[in-house]
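Chemist:
There are 2 protein chains.
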Amino acid sequence: MKLEQAIQSTKFKNEVHKATLNVLYTAWWLKTLMSKELKEFGLTHEQYNVLRILKGKHPEQMCVKDIGCRMIEKNSNVPRIIDRLELKKLVKRNDSEFDKRETVITLTQSGIAVLEATTGKVTALLESEVLMDDKDAKSLNGLLEKLRAGE
Amino acid sequence: MKLEQAIQSTKFKNEVHKATLNVLYTAWWLKTLMSKELKEFGLTHEQYNVLRILKGKHPEQMCVKDIGCRMIEKNSNVPRIIDRLELKKLVKRNDSEFDKRETVITLTQSGIAVLEATTGKVTALLESEVLMDDKDAKSLNGLLEKLRAGE
DNA sequence: TATTTTTATATGTATATACATGTATTTAAT
DNA sequence: ATTAAATACATGTATATACATATAAAAATA
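What follows is the structure in structure tokens.
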């Protein structure tokens, strides 16, 4: 679907303005798509993101700050996302021995199982819905990084 | 900044997977950038979006549904965003004469003034931070629509 | 060593998102 | 004409986002 249809507007100041709206809309579209699959597992998008980050270091523990700086949405409130994952017994909090300010987190066996099942489903969904070859994806990655060049 | 630095990860399944994360991250980056400017005017990103949509039809009134389907994030709770804009006297609610189920909304004079001031600032900010020429923006728009082709 | 500053996390508040439900009104079906 | 279905909006709840503040511990400084 063209952006014009999606937001029922044709008035863009220029192509750059249209591109900013297009990025925002595409992100919403992707999130909505993934959330439908995640919901089956009782997970939200950001809970899933935290589980995947923990998986990357497993079986090592990670402190809250290190999880936070790997999040896609940097202002996510990681302690509260962990609260909910802990309630579902998918992660476990421990006090750090090296630095008593830190809380360190690990995946539980249950967390690993849920993450693996979820990842399979999400990957399959994206493969079937995101119809883009590697060459185009590479161009897209380059352009997005160009857009953020001033970061 | 490269995505790899931004989310401190280099493990992407493939370029398409990286592109999905890159879109999500870029959207967050854009929203954060704009929010900084909007905050000066006491507006949130979605409140600003509603004001801009109303501007497109002004001085005509728009019903809640028509605003909703022009929103970038479709699941936004438009009545509640309007509640806050109404409290700030930036918009006005009226009962529709044609269909008593509808509430129709218009910008107030104050709303128009705030919107114009805000738009000027936001536009200037994007021009200075989004360093991309029209040609690249056009390619980017094409690729994003390719990504969502199955929509 | 004592004090200050910084860091890591948690908590509080307002708004937003996602979704379910309730209510009034309109449209369609019987 | 009456009933049923659909529509428009509002409201309620759980979670997330954005940001301010609080608390404890570590690091830096006097």
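Protein chains in written order, with our numbering: chain A, 9 to 159; chain B, 9 to 159.
Quick reminder that beta carbons are idealized off the backbone N, C-alpha and C, glycines included.
1. Examine chain B for any beta-carbon lying closer than 8 angstroms to the beta-carbon of Tyr-56 of chain A, and answer yes or no.
2. Does the separation of the CB atoms of Cys-77 of chain A and Ser-104 of chain A fall below 8 angstroms?
3. Check each candidate in A:Glu-159, A:Leu-134, A:Met-9 and name the one with the smallest Cα separation from Glu-23 of chain B.
4. State buried or exposed for Lys-39 of chain B, treating a residue as buried only when at least 16 other CB atoms are found within 10 Å of its CB.
5. Skipping 5 residues on each side, what residues in its chain have a beta carbon closer than 6 angstroms to that of Phe-20 of chain A?
6. By the three-class DSSP mapping on this structure, what secondary structure does Asn-85 of chain A have?
7. From Val-138 of chain B to Tyr-33 of chain A, what does the alpha carbon distance come to, in whole angstroms?
8. In or out: Met-9 of chain B buried (at least 16 other Cβ within 10 Å) or exposed?
9. When you compare only the Cα positions, how much space is there between Ala-14 of chain B and Pro-87 of chain A?
10. Would Thr-85 of chain B count as contacting chain A if we go by Cβ distances under 8 angstroms?
11. Kindly indicate which three-state DSSP category Asp-103 of chain B falls into: helix, strand or coil?
12. With distances taken between CB atoms, is the gap from Lys-63 of chain B to Leu-115 of chain B smaller than 8 angstroms?
13. Using Cβ-Cβ distances below 8 angstroms, what residues of the segment 17-51 of chain A are close to chain B?
14. Residues of chain A with CB closer than 9 angstroms to the CB of Met-140 of chain B, please, in chain order.
15. How many angstroms separate the CA atom of Ser-118 of chain B from the CA atom of Lys-96 of chain B?
16. Can you tell which of B:Glu-54, B:Thr-127, B:Ile-120 has its C-alpha closest to the C-alpha of Lys-65 of chain B?
17. Just list the alpha helix (DSSP H) runs in the segment 15-89 of chain B, keeping only unbroken ones of 4 residues or longer that don't cross its boundaries, in chain order.
18. Would you say Ile-80 of chain B and Gln-55 of chain B are within 8 angstroms of each other, going by their C-beta atoms?
19. In chain A, what lies closer than 9 angstroms to Lys-96 of chain B by C-beta?
20. Can you pull out the residues from the segment 64-86 of chain A whose beta carbon lies closer than 8 angstroms to at least one beta carbon of chain B?
21. Does any CB atom of chain B fall closer than 8 angstroms to the CB of Ile-15 of chain A?
22. Taking 8 angstroms as the threshold (beta carbon to beta carbon), is Lys-10 of chain A in contact with chain B?
23. Of the residues B:Thr-28, B:Val-112, B:Lys-146, B:Met-42, which one's Cα is nearest the Cα of Gly-128 of chain B?
24. Between which two residues does the alpha helix (DSSP H) carrying Thr-126 of chain B extend?
25. Going by the CB atoms, is the gap between Leu-152 of chain A and Asn-30 of chain B shorter than 8 angstroms?
26. Starting from Asp-142 of chain A and walking both ways along the alpha helix (DSSP H), at which residues does that stretch end?
27. Can you find a CB in chain B that lies within less than 8 angstroms of the CB of Lys-129 of chain A?
28. So, under 8 angstroms CB-CB, Leu-46 of chain B and Leu-123 of chain B are touching, yes? Tell me the CB distance rounded to an integer number of Å.
29. Closer than 7 angstroms by beta-carbon distance: list the chain B residues that pair up with Leu-134 of chain A, in chain order.
30. Would you mind telling me which residues of chain B sit closer than 7 angstroms to Asp-144 of chain A, beta carbon to beta carbon, in chain order?
31. Closer than 7 angstroms by beta-carbon distance: list the chain A residues that pair up with Glu-137 of chain B, in chain order.
Modeler: On the basis of the coordinates in this document:
1. no
2. no
3. A:Leu-134
4. buried
5. Lys-26
6. coil
7. 17 angstroms
8. exposed
9. 20 angstroms
10. A small correction: the amino acid at residue 85 of chain B is Asn; Thr does not occupy that position in the sequence shown. It does not; no Cβ of chain A falls within 8 angstroms.
11. strand
12. yes
13. Ser-17, Lys-19, Lys-21, Asn-22, Glu-23, Val-24, His-25, Lys-26, Ala-27, Thr-28, Leu-29, Asn-30, Val-31, Leu-32, Tyr-33, Thr-34, Ala-35, Trp-36, Trp-37, Leu-38, Lys-39, Thr-40
14. Glu-23, Val-24, Ala-27, Leu-151, Lys-154, Leu-155, Ala-157
15. 9 angstroms
16. B:Ile-120
17. 23-47, 53-65, 72-76
18. no
19. Per Cβ cutoff of 9 angstroms: no residues; Lys-96 of chain B is ~23 angstroms from chain A at best.
20. Gly-64, Cys-77, Arg-78, Met-79, Ile-80, Glu-81, Lys-82, Asn-83
21. yes
22. yes
23. B:Met-42
24. 117-137
25. yes
26. 142-155
27. no
28. The pair is not a contact, with the Cβ atoms about 11 angstroms apart (cut-off 8 angstroms).
29. Thr-28
30. Leu-151, Lys-154
31. Gly-158
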